[in-house]
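S.K.: Before I ask anything, here is the structure I am working with.
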Amino acid sequence: EIPVDPGTDGGDTEEPGTGEDGGGEGEDGEGDTNTNPTIQLPADITYSISAGDAPESADAIIKAPAGLESVIVKIDGGNAAFRAIINDLDLGGSNFTSGVDLVGNSTFEGIIADLGAMGIDPISVPAKGDTEYIFPIASFFKMLNIYKATDPGDSHDFIITVQDKNGESVEDVLKVTIKE
């Protein structure tokens, strides 16, 4: 019998099939094998209306390798005026206070197009099964400015929940604080 000392000479020390040490498996160059949905957001944003320094873009980059089932956006308004507007804005039976599912939501697209006079740029919605979607949060900044600064210590919170066709979900929040 020959004694074997795993781990010496740079060998693979894992139990076969467990991937415990990261050696040996996944070396085919395919990279990330994460199949769960992800949301990539910019850092929380603070800007001043008077300085005009709102960022030009603030995209939520949403990926769902298994295909999108839903992308629900809730907004927790950072002042009473904006909270009232988003609560009263009927987006096909829902509103931003309770959450709007963007997937396949042509009603949302139409209403956002109608709000162009308030500074909102058109926003396209994803289709069921799409694997990537970019939600342009900065499209709301001109409208947010109409309702002035957020209350002290408060922010407009964009809460995004993504669910894929496998039932896997992820949630993240972008906080937008506006000063006069």
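Residue numbers are given in my numbering: position 148 of the sequence shown equals residue 585, and the series is strictly consecutive.
For every residue, glycine included, the Cβ atom is placed at its ideal position computed from N, Cα and C.
As the structure is a computational prediction, the values presented were derived from the model and not from experiment.
1) Scan the region 541-606 and note each continuous beta strand (DSSP E) run of 3 residues or more that stays entirely inside, going in chain order.
2) By the three-class DSSP mapping on this structure, what secondary structure does alanine 497 have?
3) Just list the residues that DSSP pairs aspartate 538 with in beta bridges.
4) Which one or two residues does DSSP pair with aspartate 609 in a beta bridge?
5) One question on the structure: do glycine 504 and lysine 585 come within less than 9 Å of each other, judged by their Cβ atoms?
6) Determine whether the beta carbon atoms of isoleucine 597 and valine 508 lie at a separation below 9 Å.
7) Closest to lysine 616 by CA distance: which of Val610, Ile571, Pro589 and Ile523 is it?
8) I need the DSSP call for isoleucine 523, collapsed to helix, strand or coil.
9) In the DSSP assignment, find the unbroken beta strand (DSSP E) run with serine 485 in it and report its ends.
10) From which residue to which residue does the beta strand (DSSP E) around threonine 475 run?
11) Threonine 470 bridges to which residues according to DSSP?
12) Hey, how far is the Cα of aspartate 525 from the Cα of glycine 604?
13) Taking just the CA atoms, how far does isoleucine 571 sit from leucine 478?
14) When the distance is taken between beta carbons, is alanine 501 closer than 9 Å to aspartate 609?
15) With distances taken from CA atoms, which of Phe577, Ser543, Gly530 and Ser535 is nearest proline 492?
M.R.: If we stick to the structure as given:
1) Counting whole runs of 3 or more residues, the region 541-606 contains the beta strand (DSSP E) stretches 569-573 and 593-601.
2) Three-state result, alanine 497: strand.
3) Aspartate 538 pairs with Ile509.
4) Note: aspartate 609 sits in a beta bridge opposite Ile597.
5) Not a contact, by the Cβ cut-off of 9 Å.
6) Yes.
7) Selected option, being the one with the closest Cα: Pro589.
8) Correct three-state label for isoleucine 523: helix.
9) Annotation: the continuous beta strand (DSSP E) that includes serine 485 extends over 482-485.
10) Per DSSP, the unbroken beta strand (DSSP E) holding threonine 475 starts and ends at 475-477.
11) None, per the DSSP bridge assignment.
12) A straight line joining the alpha-carbon of aspartate 525 with that of glycine 604 spans about 30 Å.
13) Taken atom to atom, the span from the alpha-carbon of leucine 478 to that of isoleucine 571 is near 10 Å.
14) Going by beta carbons, aspartate 609 and alanine 501 fall outside the 9 Å limit.
15) Answer by Cα proximity: Phe577.
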